[in-house]
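Enquirer:
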Amino acid sequence: MSDNGFSISGALTETGHQLIQRVYYEDTDFSGLVYHARYLHFLERGRTDYLRCLGVEQRELITADEEGLVFVVHRMEIDFRNPARMDDVLTIVTRTEKAGGAKMVLQQDIRRGETPLIAAKVIIAVINAKGRPRRLPEALAKQMQIETQEG
37 MSDNGFSISG
47 ALTETGHQLI
57 QRVYYEDTDF
67 SGLVYHARYL
77 HFLERGRTDY
87 LRCLGVEQRE
97 LITADEEGLV
107 FVVHRMEIDF
117 RNPARMDDVL
127 TIVTRTEKAG
137 GAKMVLQQDI
147 RRGETPLIAA
157 KVIIAVINAK
167 GRPRRLPEAL
177 AKQMQIETQE
187 G
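The opening position of the sequence shown corresponds to residue 37 in our numbering, with each subsequent residue numbered one higher.
#1: So, under 8 Å CB-CB, residue 142 and residue 83 are touching, yes? Tell me the CB distance rounded to an integer number of Å.
#2: Distance check for residue 171 and residue 149, CA to CA, integer angstroms please.
#3: With the cut-off set at 8 Å, would you say residue 75 and residue 53 are in Cβ contact?
#4: Mind the definition here: the stretch 94-107 touches the stretch 60-73 only if three or more C-beta pairs lie below 8 Å; say whether that holds.
#5: Tell me, please, whether the stretch 56-67 touches the stretch 115-134 by the rule of three or more beta-carbon pairs shorter than 8 Å.
#6: Here's a check: name, in chain order, each residue in its chain whose Cβ is nearer than 6 Å to the Cβ of residue 133, leaving out the five neighbours to either side.
#7: Please name the residue, chosen from 179, 55, 158, 99, that lies closest to residue 113 on a Cα-to-Cα basis.
#8: Alpha carbon to alpha carbon, how far is residue 115 from residue 99? Give it in angstroms, no decimals.
#9: Determine the direct distance from the alpha carbon of residue 154 to that of residue 92, and round the result to whole angstroms.
#10: Looking at the structure shown, is residue 172 part of a helix, part of a strand, or coil, going by DSSP?
#11: Compute the minimum distance between the beta carbon of residue 180 and the heavy atoms of the ligand ADP, and state whether it is under 7 Å.
#12: Report yes if the C-beta distance between residue 139 and residue 161 is below 8 Å; otherwise report no.
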């Protein structure tokens with residue numbers, strides 16, 4: 037948290053984790069609209085900072101125990117509803133739908149003010165350092181579910 041009370045990692049709220057991002061020239065294509073693949077970057081930043089706000093540092097998980105723990109995107113469904121443009125200020129919202137076993141299911145939305153731009157369902161596989169499936173540790177699963185119940 038910086039001196040002004042604003043966290044660069046966003047914040048946990050009643051509706052899930054929220055991260056604010058501005059659209060820059062590099063995010064757009066020749067038409068001035070955000071290039072479709074750039075939304076994946078915004079969604080990834082939302083997921084990463086969501087975990088960070090929950091106290092989970094992904095780079096430490098790989099060596100947290102003898103097996104290691106890694107999150108990888110297994111499947112993603114995206115609905116493109118409205119375009120974003122250069123200089124728009126976007127809110128990326130991330131919520132846990134399910135956390136347990138060897139996967140997590142996250143719901144993510146990107147909006148400009150009240151206008152919905154993107155709705156995504158992201159299925160995350162939990163694997164070990166050797167790339168084999170492993171169970172999400174119970175403490176982490178509970179931490180993810182607590183946030184869901186509060187939100």
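We put the beta carbon where it would ideally sit given N, CA and C, even for glycine. For clarity, every value in this text was computed on a predicted model and none was experimentally measured.
Expert: On the basis of the supplied data:
#1: Contact holds; Cβ gap of about 6 Å.
#2: Cα to Cα, the separation comes out at about 37 Å.
#3: It is not a contact, given that the beta carbons lie outside the stated cut-off.
#4: Two segments are said to touch when three or more pairs of C-beta atoms, one from each, lie closer than 8 Å; by this definition the stretch 94-107 does not touch the stretch 60-73.
#5: With the cut-off at 8 Å, the stretch 56-67 and the stretch 115-134 touch.
#6: Close CB contacts of residue 133 within its chain, under the 6 Å cut and outside five residues either way in sequence, are with 141, 143 (chain order).
#7: Closest option to residue 113, judged by alpha-carbon separation, among 179, 55, 158, 99: 158.
#8: The alpha-carbon atoms of residue 99 and residue 115 are separated by roughly 36 Å.
#9: So the two alpha carbons sit approximately 25 Å from each other.
#10: Residue state, collapsed to three classes: coil.
#11: As for the ligand ADP, it is missing from this structure, which has no ligand bound.
#12: Contact: yes.
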